[in-house]
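Here is the structure we will look at, set down as structure tokens.
In our numbering, the protein residues as written are 3 to 456.
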């Protein structure tokens, strides 16, 4: 029936626009992960490689909070339009950068836009679609990452090898313009979208997000210092800002790993630290240590994306057949993910091992990630009261973003400390994968705390 289709005339433009917006973010995200080693090499940025990802992730936190508050005040049209414009501007700035600092500024600007786009995309579905179409749109929004996951890394690698890495960024603004043209005219009127009443004056969440972002940035920058007293002082200052702010923006019990929701948010952080933290350095290892081209390095990221979907489907079937299996599914997923990280480390540790083993390893890692991500997220949200669904969903997303930024920064600091040369890079990457492996082992132990007693 027509009323059951999100592609019926009343919704078609908005559906296509939202999907294109999210797909463009996904393509840029996975494409940049593939070409970042080339960018850092050409712009003399290997000494602060981790900031290529951390800058975007930290800005994402601020963009998400700003857009959400703006949507509550005046509707979704203005924050989405601003997010799309800022994202496109960040891509242009990064794609035309003549040096690493300007490139990082572009990445930060991109992150502000990405945070706004992703936050508003979910809000738009709740506001603009009737209840019987929302589940279908949420599923389509998830699938909007699938095609970019398959073709984005390989396409980005091919463009880099045959043209320039700048093309990966400069292809984005035209896609953003098309998405804006489809989406913005079809959005609900501000009066409908902002029907929650007058805007509140509580700036607590925004201030906490700002403190968390600034504190984390100071901590990560401290790790790049060579003066030990300055490193310690700046790191402590960053932690003093970030930890209280993190406590405020996450559910009670998150930092103490309390059974139930708190442990669920912590598990999301661990999962993403292992998966995305490892993924951030896989292309660097394949290109700088094993000498593969950007296209083959991108194939490794695509392999993990494909098996993530397979692992999620596998866990969904297992969940239906075996009630109460989510904790065990999460632990098993962490174990499979750990095996994938170990294979990557093995492929980088010895030139006698085929480099393609790392790609196979990441395919295994993606399978584990899909299983654990599905099981832990479902279990956490199932225990969340209806009145707290927004709060907990936001905390899960924040844990994902923050954990990715921190591990990328730590790994980047290890690469910087190792200095130039293949042997130094190899040692730094092995230390990074050893760290993410330890986090995966911790996740196996923590999975048993997902379900609250009672």
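Backbone N, C-alpha and C fix where the C-beta goes; we use that ideal spot for every residue, glycine too. None of the values given here were measured: they were computed from a predicted structure.
DSSP-derived helix/strand/coil call for residue i
i	result
residue 469	Absent from the model: residue 469. The displayed extent of the chain is 3 to 456, so no value can be given.
residue 321	helix
residue 365	helix
residue 13	coil
residue 261	coil
residue 427	helix
residue 78	coil
residue 103	helix
residue 394	helix
residue 229	coil
residue 353	coil
residue 280	helix
residue 452	coil
residue 176	helix
residue 51	coil
residue 124	helix
residue 163	helix
residue 147	coil
residue 243	helix
Selection from the options that minimises the alpha carbon distance to residue i
i	options	result
residue 318	369, 281 and 110	369
residue 311	439, 149, 383 and 399	149
residue 269	451, 226 and 175	451
residue 327	453, 177, 444 and 357	453
residue 15	354, 223 and 188	188
residue 214	241, 435, 236 and 230	241
Same chain only: Cβ atoms within 7 Å of residue i, ignoring 5 sequence neighbours per side
i	result
residue 386	263 and 394
residue 403	59, 62 and 63
residue 216	243
residue 226	50, 415 and 418
residue 112	58, 89, 92, 93 and 96
Sub-7 Å separation of residue i and residue j beta-carbons
i	j	result
residue 102	residue 45	yes
residue 69	residue 147	no
residue 340	residue 371	no
residue 364	residue 329	no
residue 65	residue 168	no
residue 273	residue 302	no
residue 49	residue 158	no
residue 431	residue 359	no
residue 126	residue 78	yes
residue 85	residue 118	yes
Cβ-Cβ separation, residue j to residue i (assumed contact under 8 Å), whole Å
i	j	result
residue 17	residue 139	7 Å
residue 123	residue 245	So it is not a contact: roughly 30 Å between Cβ atoms.
residue 36	residue 407	In fact, because the Cβ distance is near 19 Å, the residues do not count as touching under 8 Å.
Beta-carbon contacts of residue i that lie in its chain and below 8 Å, excluding the five residues immediately before and after
i	result
residue 152	304, 307 and 308
residue 267	252, 253, 256, 382, 394, 397, 398 and 401
residue 233	224, 225 and 227
residue 448	259, 265, 268, 269 and 272
Cβ-based neighbour list, residue i, same chain, cut-off 6 Å, excluding 5 preceding and 5 following
i	result
residue 250	210
residue 314	372 and 376
residue 277	371
residue 41	167
residue 442	276, 336, 339 and 340
residue 105	45, 96 and 99
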